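Asks:
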Amino acid sequence: MEWVGFIFSIVVLGFLVPLIYSRLKAEERIKELQKDKLSLEEEVYSLKNKYNTGNEKGYLVELNDKAYLKERPIGFYRNTYIITDNAFEAVLYDDLELAREDANNFGGRVLQHKPNLEVVK
Numbered sequence: 007m008e009w010v011g012f013i014f015s016i017v018v019l020g021f022l023v024p025l026i027y028s029r030l031k032a033e034e035r036i037k038e039l040q041k042d043k044l045s046l047e048e049e050v051y052s053l054k055n056k057y058n059t060g061n062e063k064g065y066l067v068e069l070n071d072k073a074y075l076k077e078r079p080i081g082f083y084r085n086t087y088i089i090t091d092n093a094f095e096a097v098l099y100d101d102l103e104l105a106r107e108d109a110n111n112f113g114g115r116v117l118q119h120k121p122n123l124e125v126v127k
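Terminal number for the sequence shown in the working numbering: 127, no gaps in between.
1. Under 7 Å: does the beta carbon of K76 sit that close to some heavy atom of the ligand SAH?
2. State the CB to CB distance for the pair G64 and D100, rounded to an integer number of angstroms; the pair is presumed to be in contact (CB under 8 Å).
3. From the DSSP output, which residues share a beta bridge with Y51?
4. Assuming L102 and V126 make a contact with CB atoms under 8 Å, what is their CB distance in whole Å?
5. Can you name the start and end residues of the beta strand (DSSP E) that R115 belongs to?
6. Could you tell me if E33 is buried or exposed, where buried requires 16 or more neighbouring beta carbons within 10 angstroms of its beta carbon?
7. Taking the alpha carbon of R106 as the point to measure from, which residue in V10, I26, V67 and E48 has its own alpha carbon closest?
8. How close, in whole Å, do the beta carbons of N85 and E95 come, if the pair is a contact with beta carbons under 8 Å?
9. According to DSSP, what are the bridge partners of Y65?
Written out as structure tokens, the structure reads:
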């Protein structure tokens with residue numbers, strides 16, 4: 007009668023080994039996908055910051071036709087403004103009053119950052 011218990015144990019073990027193996031493979035795949043998700047989220051964040059393509063509301067200062075202000079750091083605490091023709095590299099202001107102040111200082115106008123860059127009155 008001991009051989010019945012032994013055969014039963016082998017049959018149960020035969021069913022459990024593939025289940026455990028597939029479970030371990032699934033956990034490895036989950037970890038791999040989580041790493042990929044994290045790296046993709048970091049890449050999206052860096053690209054949004056690099057190209058300023060977020061959907062948040064903001065304002066740009068246009069100096070002449072298709073000439074925008076771009077901020078360039080020249081030290082730890084100082085920045086200077088240069089001119090760029092790419093609207094996605096331009097400074098994106100969150101506050102309309104600050105954008106208007108810089109537009110008055112540089113002789114430009116304020117555009118709202120939308121897909122078509124509408125002029126703010």
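A virtual CB, placed ideally from N, CA and C, is assigned to each residue, including glycine.
Note that the structure is predicted; figures quoted are calculated from it, not measured.
Replies: The structure says:
1. This structure does not include the ligand SAH; it has no bound ligands of any sort.
2. 6 Å
3. In DSSP, Y51 forms no bridge with anything.
4. 7 Å
5. R115 to Q118
6. exposed
7. V67
8. N85 to E95, Cβ: 14 Å. No contact.
9. Y99 and Q118
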